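> For the record, the sequence lines run as chains A and B.
Once you know that position 174 of the first sequence is 174 in our numbering, the rest is easy, because the numbers rise by one and skip nothing.
Once you know that position 136 of the second sequence is 310 in our numbering, the rest is easy, because the numbers rise by one and skip nothing.
First the structure, which I've put down as structure tokens, then a few questions once you've had a look.
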Amino acid sequence: MKKHYLPILFFLAIMPIFFIGMDRDKSVLPSPLIGEKIPQFSLPSLINSELQIDSSELLNNTFLFNVWATWCVGCLEEHDFLMKLSESNEIPIVGLNWRDNHNDALAWLRDYGNPYTIIAEDVSGRVAIDWGVYGAPESFLVNSNGIIIHKHLGPLDDDIWERDFSRAIINDAN
Amino acid sequence: MISGKETLVGLLLTMRINHNNLFLALFLCLIMSFTHAIDSGLAFSDPKLQQRYETLISEIRCLVCQNQSIKSSNVFLAVDLRNEVRIMISEGKSNKEIANFLADRYGEFVLYRPRFKTNTIFLWLSPFVFLMIGLFVVYKVVRKKIIT
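Laid out in structure tokens, this is it:
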């Protein structure tokens with residue numbers, strides 16, 4: 001009779017795996033870039049098209065790399081938070097304007113304010129591919145060695161910043 | 175891989191042509207015309223490269239619309255990734271190099287056919303493990319039947 005317990009044991013062993021799988025949000029994918037050096041790029045500045053922004057110039061400082069566009073609804077949602085973050089001078093924010101209309105992007109900054117230290121303009125979307133971007137807004141936290149230490153998909157807010165980003169900065173400093 | 179065309183031909187061969195079936199056949203032809211690649215023109219003039227391109231893009235997941243391949247989606251990210259694949263093919267990159275390029279940026283999930291790595295080893299080997307367990311059970315049962 002003992003072996004009748006076998007299927008039940010097997011069932012009990014496999015259930016936790018399914019339970020863990022059910023809780024996971026499948027639209028948020030783990031980025032293989034975390035713990036890696038930032039992908040290199042050289043793009044024109046959105047504000048001053050004659051100025052070229054090279055990714056190597058960004059290093060030596062912890063910064064937030066924020067992918068945005070005027071067609072992105074979530075970007076407007078997080079804009080107030082980004083303005084607040086930039087006013088606090090806590091961290092420089094580098095923008096990547098992703099596959100956007102140049103004039104629309106400039107108008108957006110005029111209307112809602114510009115939280116970015118610099119903005120690179122990625123018209124073709126090829127730099128965004130190197131960063132594994134698939135849905136704006138996306139935010140990457142980069143440390144002073146140029147290593148990506150955290151990534152967030154979707155609009156940022158105070159809670160997410162405190163919970164994930166502030167902690168990642170503190171952990172990285174230690 | 176079985177294409178829609180082959181299944182359609184198979185279906186047509188197995189049914190006798192009468193009026194109802196003719197309508198069905200016409201309907202299937204109509205559907206088939208929608209299943210072709212979304213690009214307006216061919217990406218390559220060389221049919222071999224075009225074939226490789228189409229197979230590749232049908233095995234790359236569109237991450238915006240996760241249950242579609244980049245072949246069947248017109249979200250701009252899918253358009254950009256198709257373009258990237260086209261460039262890499264014309265640069266002479268191998269299928270493996272293209273798969274690595276994508277998985278290094280977007281993770282294993284972007285490939286419908288994940289690479290064989292430590293974190294995908296269970297995925298690749300589990301069918302054989304389960305087959306072995308099944309064969310073992312069959313062996314046990316059959317032996318018991320023979321003995322009794």
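Yeah, the Cβ is synthetic: ideal placement off N, Cα and C, and Gly gets one too.
Remember, predicted model here, so these are calculated numbers, not experimental data.
1) Candidates 98/A, 169/A, 159/A and 11/A: which alpha carbon is nearest residue 71/A's?
2) For a contact meaning CB atoms closer than 8 Å, what does residue 281/B contact in chain A?
3) Is residue 160/B near residue 245/B, with beta carbons less than 8 Å apart?
4) Going by Cα to Cα distance, which pick from 122/A, 87/A and 150/A is closest to residue 29/A?
5) Taking only beta carbons into account, state which residues of the segment 249-260 of chain B come closer than 8 Å to chain A, listed in chain order.
6) Evaluate the contact criterion for the segment 115-122 of chain A versus the segment 66-84 of chain A: three or more CB pairs, one atom per stretch, below 8 Å.
7) Under the rule that 16 or more other beta-carbon atoms within 10 Å means buried, what is residue 173/A, buried or exposed?
8) Where residue 89/A and residue 226/B are concerned, what is the direct C-alpha to C-alpha distance, given to the nearest angstrom?
9) Who are residue 151/A's beta bridge partners in DSSP?
10) List the residues of chain A that residue 237/B touches, going by C-beta distances under 8 Å, in chain order.
11) Chain B partners of residue 129/A, CB-CB under 8 Å?
12) Tell me the start and end of each unbroken beta strand (DSSP E) in the segment 57-110 of chain A that is at least 3 residues and wholly inside, in chain order.
13) Give the DSSP-derived three-state secondary structure of residue 31/A in the structure shown.
14) One question on the structure: do residue 263/B and residue 223/B come within less than 8 Å of each other, judged by their Cβ atoms?
15) Leaving out five residues on either side along the sequence, give the residues of the same chain with a beta carbon under 7 Å from the beta carbon of residue 153/A.
16) Buried or exposed: residue 155/A, going by 16 or more other Cβ atoms within 10 Å of its Cβ?
In short:
1) Stepping through the first sequence from its first residue, residue 71/A is reached at position 71. The residue with the shortest Cα to Cα distance from residue 71/A is 98/A.
2) As a working note, residue 281/B is residue 107 in the second sequence. Residues of chain A whose Cβ lies closer than 8 Å to the Cβ of residue 281/B are, in chain order, 29, 30, 31, 32 and 132.
3) Lying before the first or after the last residue shown, residue 160/B is absent from chain B, which here runs from 175 to 322.
4) For the purposes of this step, residue 29/A is taken as residue 29 along the first sequence, with counting starting at 1. The option with the nearest alpha carbon to residue 29/A is 150/A.
5) For the segment 249-260 of chain B, which is checked against every Cβ of chain A, the residues closer than 8 Å are 250, 251, 254, 255 and 258.
6) By the criterion of at least three beta-carbon pairs nearer than 8 Å, the segment 115-122 of chain A is in contact with the segment 66-84 of chain A.
7) For this step, residue 173/A is matched to residue 173 along the first sequence. Around the beta carbon of residue 173/A, fewer than 16 other beta carbons lie within 10 angstroms, which makes this residue exposed.
8) Reading the first sequence from its first residue, position 89 is the one you call residue 89/A. Reading the second sequence from its first residue, position 52 is the one you call residue 226/B. Going by the C-alpha atoms only, they are around 51 Å apart.
9) Reading the first sequence from its first residue, position 151 is the one you call residue 151/A. Residue pairing from DSSP places residue 151/A in a beta bridge opposite 140/A.
10) Here residue 237/B is taken as the residue at index 63 of the second sequence, counted from 1. In chain order: 29, 134 and 135.
11) In the first sequence, counting from the first residue as 1, residue 129/A sits at position 129. Here the neighbours are 254, 255, 258 and 279.
12) Runs of the beta strand (DSSP E) inside the segment 57-110 of chain A: 63-68 and 93-98.
13) For the purposes of this step, residue 31/A is identified with residue 31 of the first sequence, where counting begins at 1. In the three-state scheme derived from DSSP, where H, G and I count as helix and E and B as strand, residue 31/A is classed as coil.
14) The sequence position of residue 263/B within the second sequence is 89, counting from 1. The sequence position of residue 223/B within the second sequence is 49, counting from 1. Yes. Within cutoff.
15) Along the first sequence, read from residue 1 onward, the residue named residue 153/A stands at position 153. Closer than 7 Å at the Cβ level, and outside the excluded window around residue 153/A, lie 28, 135 and 138.
16) Residue mapping note: residue 155/A aligns to position 155 of the first sequence, counting from 1. When all chains shown are included, residue 155/A counts as buried.
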